[in-house]
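**Student:** Residue numbers (the numbering used here), protein chains in the order written: chain L, 56 to 416; chain U, 12 to 370.
Beta carbons are placed, not taken as given, at the ideal position from N, Cα and C, and that holds for glycine.
Since this is a predicted model, take the numbers as computed values, not measurements.
After the structure tokens below, expect a handful of questions from me.
In structure tokens:
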């Protein structure tokens, strides 16, 4: 009996282990030295996929492009292009969306990201103002695209709107609100240098399709309202201000057809640079006006696009309106208030004298 | 009979057997049936669970601890044996369903290129080995696996809880109570199969203490509620309803200590322990029932156990392969049949027993 038990245990261990031929459950097993990790994936219309493969001990970094009838087909075509090893998508950190693909719709991509067991849910999505394939293949062989995207992400989170959403957050926003922001990267291709990816505003996905873009100041207000914005810069006259803040939206009139909201921005600012003498109160008032104007433009643009990026549908639901009427966002009223506090400790009544000589009485 | 277990071990058996299906089924089905307030149905499921417990407790207290003997006493020798035979067949069938369910789960989450055969046969072999042995070994396994399973589930939930958006779970109004109550009733049939463990009461040193049952039952519901809250709060009701196994999707995103990622295969593998315990217990009970029906209660159980395991494995392959058909069986038909059988047999036994004055 004990021998039988031992035999059974051995058989079961062999059956359930990862060893053996590349079939069935054994197909999951790959020696680690044969894995070629994909760090960034580009998605263009077609569908066409471009994979930025990281370097390993034995293999250099490379970029592969392949097209297919469907995304899984394109993935298989990518696999077929590797001369050594197998592409490994489980650690893909970023997905770059080409402009044309975004305008045609991202439903198939989002479905694939959710269904495929290898892809991560915290893969972050970025929208490019060009085709992903061009941005990913423009650099020299030593150009680290993933590092460039990472740097753009950090810059956005530290000094801009910070609207870097991962797949889960994007899918959740689309399913709950019908709209989601996606960080926009402007691509520059200098002749004598590597490509530059610069965060600049955000794209607006509505039902999985790119409905438009928001310029940087509007995207920053949106980021503030969503609690993602970093330290923003606003230039007012000769003064440059560093602003940090948050935004809240309160429901004032719970109505299915034309609800009313109050959008409050609370911003603290510090003078980063002032070429001329400043009057703090005037600066505060100017900043307040600027922020309120930007916020008003933001809600107007969102209403035009019918894109509930602020999650107002959830606010309405909590206020008792389960199903607002179609087009409610365009008819909604917004009262906008900005409360600005200028940090007095950086005030300089006049610029510093830097030409020596001291000051005589 | 020397092969006896304690009430604590029986409780552990029930807890481990229920934990995995609870965490797997509740979030997706509640999101599908009720929506964002589906998490309410989990605490509401305590009511039918308590009714199940009270009903079985009452029946067994009246009739003594041996379920087989109780059926015979209530229904008479012929119908009692028939009911016991049907129970054994149902246990084998349900074990086959569990084998197929775990194969589908593995193929959907970790091994998309595999077929069901290796998982069905592998688990059937493992459960056959357990069913050939003593009940004590299965119960001790449950005692050992219980903290492991709880730790794995709680780890996933704890690492996820901080990112839950409570706004996705609200608002709760009075109108949500009825759909949640109905969903709780439907989902309480998830508990049904475990009540087949009542057949083991003839092998326990005493029934489980009420405090233990309520404590572990509460813990079970608590974890089911937490899993539902986390899934709904992370993915929203629509995505949770569309996903096959939202709890495993949670695990896909978990990073442990900032360095260990993609732990979902481990979580999916841990859920296999729950199936192992329940399938082993079902095959053990079915084989011993078969021996009692044949009047050979003291005979070695190796051959009947192997036969039951083979039948269960064969049953597993009879289920349809198409996902839509499988979902109908696994989410609609089997749970209802399980509940009907687990309530019907004792209900009829109780009624007939009372009519015949045997209780």
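Are residue 285 of chain U and residue 94 of chain U close, meaning C-beta to C-beta below 8 Å?
**Tutor:** Here residue 285 of chain U corresponds to residue number 274 of the second chain, with the count starting at 1. Here residue 94 of chain U corresponds to residue number 83 of the second chain, with the count starting at 1. Against a cut-off of 8 Å, the Cβ pair of residue 94 of chain U and residue 285 of chain U comes out as no contact.
**Student:** Would you list the one or two residues that DSSP bridges to residue 260 of chain L?
**Tutor:** For this step, residue 260 of chain L is matched to residue 205 along the first chain. DSSP, once it has assigned bridges, lists L:235, L:265 as partnering residue 260 of chain L.
**Student:** Out of curiosity, what's the CA-to-CA distance linking residue 302 of chain U and residue 144 of chain U?
**Tutor:** Residue 302 of chain U sits at position 291 when you count from the first residue of the second chain. Residue 144 of chain U sits at position 133 when you count from the first residue of the second chain. When rounded, the distance between both Cα atoms is 15 Å.
**Student:** According to the Cβ coordinates, are residue 309 of chain L and residue 371 of chain L closer than 8 Å?
**Tutor:** Numbered from its first residue, the first chain carries residue 309 of chain L at position 254. Numbered from its first residue, the first chain carries residue 371 of chain L at position 316. Result yes, Cβ atoms of residue 309 of chain L and residue 371 of chain L sit closer than 8 Å.
**Student:** What does residue 145 of chain L reach in chain U if we use C-beta pairs closer than 7 Å?
**Tutor:** Here residue 145 of chain L is taken as the residue at index 90 of the first chain, counted from 1. Under the 7 Å cutoff, chain U gives 273.
**Student:** Just to confirm my understanding: we take residue 363 of chain L, look at its own chain, exclude 5 residues before and 5 after, and list those with CB closer than 8 Å. What are they?
**Tutor:** As a position in the first chain, residue 363 of chain L is number 308, starting the count at 1. Within the same chain, residue 363 of chain L has close Cβ partners 232, 233, 234, 357, 384.
**Student:** Quick one: Cα of residue 179 of chain U to Cα of residue 280 of chain U, how far?
**Tutor:** On the second chain, position 168 is the one that residue 179 of chain U refers to. On the second chain, position 269 is the one that residue 280 of chain U refers to. Approximately 30 Å between the Cα atoms of the pair.
**Student:** Let me see if you follow: with CB-CB separation under 8 Å, is residue 226 of chain L close to chain U or not?
**Tutor:** In the first chain, counting from the first residue as 1, residue 226 of chain L sits at position 171. So yes, residue 226 of chain L belongs to the interface.
**Student:** Alpha carbon to alpha carbon, what distance is there between residue 361 of chain U and residue 293 of chain U?
**Tutor:** The residue labelled residue 293 of chain U in the question sits at position 282 within the second chain. The residue labelled residue 361 of chain U in the question sits at position 350 within the second chain. Going by the C-alpha atoms only, they are around 23 Å apart.
**Student:** Alpha carbons only, please: which of U:33, U:24, U:16, U:85 is nearest the one belonging to residue 236 of chain U?
**Tutor:** Stepping through the second chain from its first residue, residue 236 of chain U is reached at position 225. Comparing Cα-Cα distances from residue 236 of chain U to each of U:33, U:24, U:16, U:85, the minimum goes to U:33.
**Student:** Indicate the three-state DSSP secondary structure (helix, strand or coil) for residue 251 of chain L in the structure shown.
**Tutor:** Stepping through the first chain from its first residue, residue 251 of chain L is reached at position 196. It is a strand residue.
**Student:** Quick check on DSSP: helix, strand or coil for residue 382 of chain L?
**Tutor:** Along the first chain, read from residue 1 onward, the residue named residue 382 of chain L stands at position 327. Correct three-state label for residue 382 of chain L: coil.
**Student:** Return the chain-ordered list of same chain residues with a C-beta closer than 7 Å to the C-beta of residue 300 of chain L, the five sequence neighbours on each side being excluded.
**Tutor:** Here residue 300 of chain L refers to the residue found at position 245 of the first chain. If we look at residue 300 of chain L and ignore the five residues flanking it on each side, its Cβ neighbours are 279, 320, 321, 322, 323.
**Student:** Mapping the DSSP letters down to three states, classify residue 155 of chain U as helix, strand or coil.
**Tutor:** Residue numbering aside, residue 155 of chain U sits at position 144 when the second chain is read from its first letter. Helix at residue 155 of chain U.
**Student:** Looking at chain U, which residues of the stretch 169-201 of chain L have a Cβ within less than 8 Å of any of its Cβ atoms?
**Tutor:** Per Cβ criterion, the list reads 169, 172, 175, 176, 177.
**Student:** Which residue wins for smallest C-alpha separation from residue 342 of chain U, given the options U:14, U:41, U:20?
**Tutor:** Numbered from 1 along the second chain, position 331 holds the residue referred to as residue 342 of chain U. The shortest Cα separation from residue 342 of chain U among U:14, U:41, U:20 belongs to U:41.
**Student:** At the 8 Å Cβ level, is residue 76 of chain L part of the contact set with chain U, yes or no?
**Tutor:** Residue numbering aside, residue 76 of chain L sits at position 21 when the first chain is read from its first letter. Below a pLDDT of 50, predicted positions are generally treated as unreliable, and residue 76 of chain L, at 48, falls in that range; no measurement from the model is reported.
**Student:** Rounded to whole angstroms, what is the Cα-Cα separation between residue 102 of chain U and residue 268 of chain L?
**Tutor:** Start at 1 with the first residue of the second chain, and residue 102 of chain U comes out as number 91. Start at 1 with the first residue of the first chain, and residue 268 of chain L comes out as number 213. Answer to the nearest angstrom: the Cα atoms are 60 Å apart.
**Student:** Helix, strand or coil for residue 16 of chain U? Go by DSSP, reduced to three states.
**Tutor:** To locate residue 16 of chain U, count along the second chain from 1; it is residue 5. Reduced to three states, the DSSP call for residue 16 of chain U is strand.
**Student:** Closer than 8 Å is the cut-off here; do at least three beta carbon pairs connect the stretch 123-131 of chain L with the stretch 215-229 of chain L?
**Tutor:** No, because fewer than three Cβ pairs between the stretch 123-131 of chain L and the stretch 215-229 of chain L fall closer than 8 Å, the two stretches do not touch.
**Student:** Would you mind reading off the limits of the alpha helix (DSSP H) that contains residue 54 of chain U?
**Tutor:** The residue you call residue 54 of chain U lines up with position 43 of the second chain. Element bounds for residue 54 of chain U: 52-55.
**Student:** Do you know how far the Cα of residue 156 of chain U is from the Cα of residue 174 of chain L?
**Tutor:** As a position in the first chain, residue 174 of chain L is number 119, starting the count at 1. As a position in the second chain, residue 156 of chain U is number 145, starting the count at 1. Cα to Cα, the separation comes out at about 30 Å.
**Student:** Taking Cβ to Cβ, would you say residue 250 of chain L is nearer than 8 Å to residue 243 of chain L?
**Tutor:** If you number the first chain from 1, residue 250 of chain L lands on position 195. If you number the first chain from 1, residue 243 of chain L lands on position 188. In this structure, residue 243 of chain L lies closer than 8 Å to residue 250 of chain L by Cβ.
**Student:** Step through the CB atoms of chain U and report whether any lies within less than 8 Å of the CB of residue 328 of chain L.
**Tutor:** As a position in the first chain, residue 328 of chain L is number 273, starting the count at 1. It does not: the Cβ of residue 328 of chain L has no partner Cβ on chain U nearer than 8 Å.
**Student:** Roughly how many angstroms lie between the CA atoms of residue 146 of chain U and residue 88 of chain L, to the nearest whole one?
**Tutor:** Here residue 146 of chain U refers to the residue found at position 135 when the second chain is read from its first residue. Here residue 88 of chain L refers to the residue found at position 33 when the first chain is read from its first residue. Looking at the two C-alpha atoms, the distance is approximately 45 Å.
**Student:** Would you mind giving the Cβ-Cβ distance between residue 234 of chain U and residue 109 of chain U, rounded to the nearest angstrom? I have them listed as a contact below 8 Å.
**Tutor:** Here the question's residue 234 of chain U lines up with position 223 in the second chain. Here the question's residue 109 of chain U lines up with position 98 in the second chain. In fact, because the Cβ distance is near 20 Å, the residues do not count as touching under 8 Å.
**Student:** Whole angstroms are fine: how far does the CA of residue 189 of chain U sit from the CA of residue 238 of chain U?
**Tutor:** Looking up residue 238 of chain U in the second chain gives position 227. Looking up residue 189 of chain U in the second chain gives position 178. Going from the Cα of residue 238 of chain U to the Cα of residue 189 of chain U covers about 21 Å.
**Student:** Is the separation between the beta-carbon of residue 241 of chain U and that of residue 162 of chain U shorter than 8 Å?
**Tutor:** Within the second chain, numbered from 1, the residue matching residue 241 of chain U stands at position 230. Within the second chain, numbered from 1, the residue matching residue 162 of chain U stands at position 151. Their beta carbons are not under 8 Å apart, which means residue 241 of chain U does not touch residue 162 of chain U by this criterion.
**Student:** Can you tell me which of L:247, L:317, L:222, L:302 puts its alpha carbon nearest to the alpha carbon of residue 283 of chain L?
**Tutor:** The residue labelled residue 283 of chain L in the question sits at position 228 within the first chain. Cα-wise, what sits closest to residue 283 of chain L is L:302.
**Student:** Distance cutoff 8 Å, beta carbons only. Does residue 247 of chain U sit that close to anything in chain L?
**Tutor:** Position 236 of the second chain holds residue 247 of chain U. Yes - at least one Cβ of chain L is within 8 Å of the one on residue 247 of chain U.
**Student:** According to DSSP, is residue 389 of chain L helix, strand or coil?
**Tutor:** Counting from one through the first chain, the residue named residue 389 of chain L turns up at place 334. Correct three-state label for residue 389 of chain L: strand.
**Student:** Against chain U, which members of the stretch 354-377 of chain L pass a CB distance test of less than 7 Å?
**Tutor:** Listed by position along the chain: 369, 372, 373.
**Student:** With distances taken between CB atoms, is the gap from residue 92 of chain L to residue 123 of chain L smaller than 8 Å?
**Tutor:** Mapped onto the first chain, residue 92 of chain L falls at position 37. Mapped onto the first chain, residue 123 of chain L falls at position 68. The answer is no: Cβ separation not under 8 Å.
**Student:** Taking only beta-carbon atoms, is residue 260 of chain U less than 8 Å away from chain L?
**Tutor:** In the second chain, residue 260 of chain U corresponds to position 249, counting from 1. Yes, residue 260 of chain U counts as interfacial toward chain L.
**Student:** Return the CA-CA distance between residue 200 of chain L and residue 110 of chain L, expressed in angstroms with no decimal places.
**Tutor:** Within the first chain, residue 200 of chain L is the residue found at index 145, counting from 1. Within the first chain, residue 110 of chain L is the residue found at index 55, counting from 1. C-alpha separation (whole angstroms): 12 Å.
**Student:** Which residue wins for smallest C-alpha separation from residue 108 of chain L, given the options L:197, L:176, L:180, L:185?
**Tutor:** Counting from one through the first chain, the residue named residue 108 of chain L turns up at place 53. Taking only the C-alpha atoms, the option nearest residue 108 of chain L is L:197.
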